[in-house]
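Please read the structure below before turning to the comments.
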Amino acid sequence: FIASSVSSLPSSFYIGSGVLGYSNLLNPVFDVVVSNPNLPLDLFLVIGSYFWYLAIMFAVALFVSRYFMAVAFDKALPTIVSYVSEKYHSPVVAHLIDEIITISSLVIITITPLSSAFFYGMDTADAMALLFGFIIVILASIISISLKRGFQFNGNKYFMLAVSIVDLIVMSIYAYYWFGNSTIYLGINMNAETWAIIASPFIAGIIIYFVMRAYRLKKEGIDINYTFKEIPPE
């Protein structure tokens, strides 16, 4: 994979990368390589830098496909998405969907007039992670702990509630700085377009859930709402 990637890139790419790396203090790999005439160390730094960016791609390819598989396993996506190949021991359909989305995104980034808007949307990833990965999850825990009906928790729920409130306060401070000074902390401007991009995955998830719930009820007589009533003991 590395050999094919290297051979497919022209020499101008490496020259440009060297110039940018030399002048960019945020990624001083080339500066360190030039200043340290140590071949093993230089090879480690260059190869490590290369694999750092590959690691992100591999992580997305592995994790996202398994998210698709898990959601399909809960019947919130078509069942075929959760299919695991007996030969490759991997969710091949989920990988295919991930590949289609990835290639389509690359096409949008490189050859369409929407490239600037798409890059702008990609810059909102940190904001999405803060909201959906932390704040909304913390709020859900606070609500679930506060509700007396349909909630079972064997531990000290008041301690859990206190920890959740502290987490919410800390993350709210982050949100205040991030969204209040978004051009500094996030590199984006918070406007209607930005909020629409941030909210789009959440809105899409709600639409997909209710569409699949109606489909499962009509075709199979199964209400997938019961899937999310409790966390399985395993």
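According to the UniProt record's numbering, the residues represented by the sequence shown are 1 to 234, in order.
Don't be surprised by glycine CBs; every beta carbon is placed ideally from N, CA and C.
Quick check: the segment 69-77 against the segment 100-109, are at least 3 beta-carbon pairs closer than 8 Å? At 8 Å Cβ cutoff, the stretches do not touch.
On a CA-only basis, which of 221, 140, 45 and 90 is nearest residue 63? Give me that one, please. If we check each option's Cα against that of residue 63, 90 comes out closest.
CA-to-CA distance, residue 98 to residue 61, given in whole angstroms: The straight-line gap from Cα to Cα measures roughly 7 Å.
Can you name, in chain order, every residue of its own chain whose Cβ lies under 8 Å from the Cβ of residue 201, other than the five neighbours on each side? A distance below 8 Å between beta-carbons, with the five flanking residues on each side excluded, links residue 201 to the following residues of its chain, in chain order: 128 and 132.
Do residue 94 and residue 49 come within 8 Å of each other at the CB atom, strictly closer than that value? Not in contact: residue 49 and residue 94 (Cβ atoms no closer than 8 Å).
Roughly how far, in whole angstroms, is the beta-carbon of residue 216 from the beta-carbon of residue 222, given that I think they are within contact range, below 8 Å? Contact flag correct, Cβ pair sits at about 5 Å.
Using three-state DSSP, classify residue 225 as helix, strand or coil. Helix at residue 225.
Could you tell me the distance, in whole angstroms, from the CA atom of residue 165 to the CA atom of residue 47? Rounded to whole angstroms, residue 165 to residue 47 spans 43 Å at the Cα level.
Below 8 Å between beta carbons: does that hold for residue 194 and residue 203? In this structure, residue 194 sits away from residue 203, with a CB-CB distance that is not shorter than 8 Å.
Have a look at residue 219 and residue 146 and give me their C-alpha separation to the nearest angstrom. Rounded to whole angstroms, residue 219 and residue 146 show a C-alpha spacing of 36 Å.
Following the continuous alpha helix (DSSP H) through residue 193, name the residue where it begins and the one where it ends. For residue 193, the enclosing alpha helix (DSSP H) stretches over residues 192-219.
Below 8 Å on the Cβ atoms is my guess for residue 139 versus residue 178; work out the distance and round it to an integer in Å. In fact, because the Cβ distance is near 17 Å, the residues do not count as touching under 8 Å.
Would you please state the rounded distance, in angstroms, between the beta carbons of residue 199 and residue 135? I believe it to be under 8 Å. The Cβ separation is near 13 Å, so there is no contact.
Compute the beta-carbon to beta-carbon distance between residue 73 and residue 82, rounded to the nearest angstrom, for a pair I have assumed lies under 8 Å. Their Cβ separation, rounded to whole angstroms, is 5 Å, which keeps residue 73 and residue 82 in contact under 8 Å.
Neighbourhood of residue 182 by C-beta, 7 Å cutoff - its chain only, sequence neighbours within 5 removed: Cβ neighbours of residue 182 beyond the five flanking positions: 188, 189 and 190.
Can you tell me which of the three DSSP states residue 91 falls into? It is coil, neither helix nor strand.
Inter-residue spacing [alpha-carbon to alpha-carbon] between residue 159 and residue 227: Cα-Cα distance, rounded: 27 Å.
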